[in-house]
Amino acid sequence: MEAKIVLLPGDGIGPEVMAEGQRILVRVGEKFGHRFQFQTCPMGGCAIDSHGTPLPDETLDACRASDAILLAAVGGPKWDDPNAKTRPEVGLLKLRKELGLFANLRPIKPHEVLLDASPLKRHIVEGVDILFFRELTGDVYFGESGKKPHPSGEEAWNVMIYNTGEIERVVRLAAQAARGRKNKVTSVDKANVLEVSRLWRRTAARIMADEFPDVKYDVVLVDAMAMHLIARPRDFDVIVTANLFGDILTDEGSMLPGSLGLLPSASLGSSGPGLYEPIHGSAPDIAGKGLANPLATILAAAMLLRYSLKLETEAKAVEAAVESVLEQGFRTKDIAAGGPSISTGEMGAKVLAALA
Ligand code: IPM
Ligand code: MN
Numbered sequence: 128m129e130a131k132i133v134l135l136p137g138d139g140i141g142p143e144v145m146a147e148g149q150r151i152l153v154r155v156g157e158k159f160g161h162r163f164q165f166q167t168c169p170m171g172g173c174a175i176d177s178h179g180t181p182l183p184d185e186t187l188d189a190c191r192a193s194d195a196i197l198l199a200a201v202g203g204p205k206w207d208d209p210n211a212k213t214r215p216e217v218g219l220l221k222l223r224k225e226l227g228l229f230a231n232l233r234p235i236k237p238h239e240v241l242l243d244a245s246p247l248k249r250h251i252v253e254g255v256d257i258l259f260f261r262e263l264t265g266d267v268y269f270g271e272s273g274k275k276p277h278p279s280g281e282e283a284w285n286v287m288i289y290n291t292g293e294i295e296r297v298v299r300l301a302a303q304a305a306r307g308r309k310n311k312v313t314s315v316d317k318a319n320v321l322e323v324s325r326l327w328r329r330t331a332a333r334i335m336a337d338e339f340p341d342v343k344y345d346v347v348l349v350d351a352m353a354m355h356l357i358a359r360p361r362d363f364d365v366i367v368t369a370n371l372f373g374d375i376l377t378d379e380g381s382m383l384p385g386s387l388g389l390l391p392s393a394s395l396g397s398s399g400p401g402l403y404e405p406i407h408g409s410a411p412d413i414a415g416k417g418l419a420n421p422l423a424t425i426l427a428a429a430m431l432l433r434y435s436l437k438l439e440t441e442a443k444a445v446e447a448a449v450e451s452v453l454e455q456g457f458r459t460k461d462i463a464a465g466g467p468s469i470s471t472g473e474m475g476a477k478v479l480a481a482l483a
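Position one of the sequence shown corresponds to residue 128 (our numbering), numbered consecutively onward.
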């Protein structure tokens with residue numbers, strides 16, 4: 128097949144881990160006989176520096192015209208000034224919104240050989256296999272916001288808002304995914320307090336009853352979910368929730384496997400290119416030192432092959448290569464538990480070798 132892939136290396140460790148992700152995709156192309164065309168574009172802090180905006184029009188146009196987008200990481204202290212005109216994160220939010228990427232998939236599946244890297248006990252994390260569906264283009268992230276003077280200083284607000292259609296479409300995707308897994312969906316909300324969550328709960332319940340009567344379904348309040356996620360994570364299969372709750376819960380969930388450096392994510396819309404990224408940030412403290420773990424980006428590339436290019440065999444091959452490298456005992460510093468470690472580039476090379 129032929130595919131146009133846009134690469135957004137971004138900031139901090141972004142370019143280093145992206146280089147490894149791209150090497151893997153190039154090798155997959157050669158090995159399986161696909162023609163992948165790559166285009167690297169500025170986005171995030173580096174784009175603020177070069178273009179004065181975190182998401183230049185040319186970058187957005189290239190993304191729209193692509194089959195899939197691989198993003199590494201954006202942000203850093205250089206662009207953190209609260210009074211700055213714009214921020215790297217604004218570019219990411221705009222990209223999600225403009226491309227209609229309403230569903231963010233975050234799989235949480237600890238690697239068997241790394242179970243002892245988890246801050247949780249082995250018997251709790253063993254066998255965990257969760258797929259989060261975080262709604263990505265609504266909620267307080269995109270609701271009306273503002274600030275004004277207040278007798279005590281200032282006041283500020285962000286409106287938490289969802290409509291029926293936004294809830295329906297993400298619940299549907301989550302339920303469809305559950306059918307290919309353990310056939311269970313858990314919807315997370317705060318319906319004991321929030322009107323918007325009561326709409327979420329009603330809507331989710333209706334979609335599940337009308338369209339997915341065969342899929343097991345339950346509902347958990349978000350504060351309780353924060354507990355259950357570390358107390359009994361094995362009990363969950365697909366979890367679907369709103370943007371803000373999902374942002375927080377998936378960071379919590381990312382600790383189950385022990386390192387952020389291993390977790391990919393996919394952001395999908397109803398059509399058009401998907402956006403794939405590691406869930407870790409730009410880690411400016413270790414940028415340029417060859418210490419970053421490229422595996423999350425490589426696994427994001429595997430998700431890109433699976434969801435946007437429909438290349439399941441190729442996706443599995445990349446995942447198996449990562450698994451095999453971990454089994455052989457190779458570790459970057461973040462997962463080495465103080466033991467010997469290899470560099471970003473060496474780790475990428477090990478995966479390439481395993482892929483061969
Ligand atoms: C994430 C990040 C983003 C978010 C930030 C960088 C805007 O934390 O992808 O989870 O809050 O969605
Ligand atoms: Mn986040």
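Glycine included, each C-beta is placed from N, C-alpha and C at the ideal position.
Alpha-carbon spacing of T167 relative to K131, whole angstroms: 11 Å
Pairwise C-alpha distance: D316 and S324: 5 Å
With 16 other CB atoms within 10 Å as the buried threshold, where does D350 fall? exposed
Out of A369, S468 and V320, state which residue places its alpha-carbon closest to the alpha-carbon of T291. A369
Grab the span of the alpha helix (DSSP H) containing K158 for me, first residue to last. G141 to F159
Contacting residues, own chain, Cβ-Cβ under 6 Å from A393 (five flanking each side not counted): L232, G401, Y403, M430 and Y434
Beta-carbon proximity list for F165, same chain, < 7 Å, skipping 5 on both sides: I132, L134 and Q149
Please classify H277: does DSSP put it in a helix, a strand, or coil? H277: strand per DSSP, three-state reduction.
Of the listed residues K158, G139, M287 and V144, nearest to A483 (C-alpha basis): K158
Do I406 and L387 count as a contact pair if the criterion is CB distance below 9 Å? yes
What three-state label does DSSP hand A199 in the structure shown? strand
Considering just the uninterrupted stretch of the beta strand (DSSP E) at G401, what are its terminal residues? For G401, the enclosing beta strand (DSSP E) begins and ends at G401 to P405.
Start and end residues, beta strand (DSSP E) containing S500: Nothing can be reported for residue 500, as the shown portion of the chain is limited to 128 through 483.
Nearer than 8 Å: is that true of the beta carbon of T264 relative to any heavy atom of the ligand MN? no
Check whether the Cβ atoms of V155 and L432 lie closer than 9 Å to each other. yes
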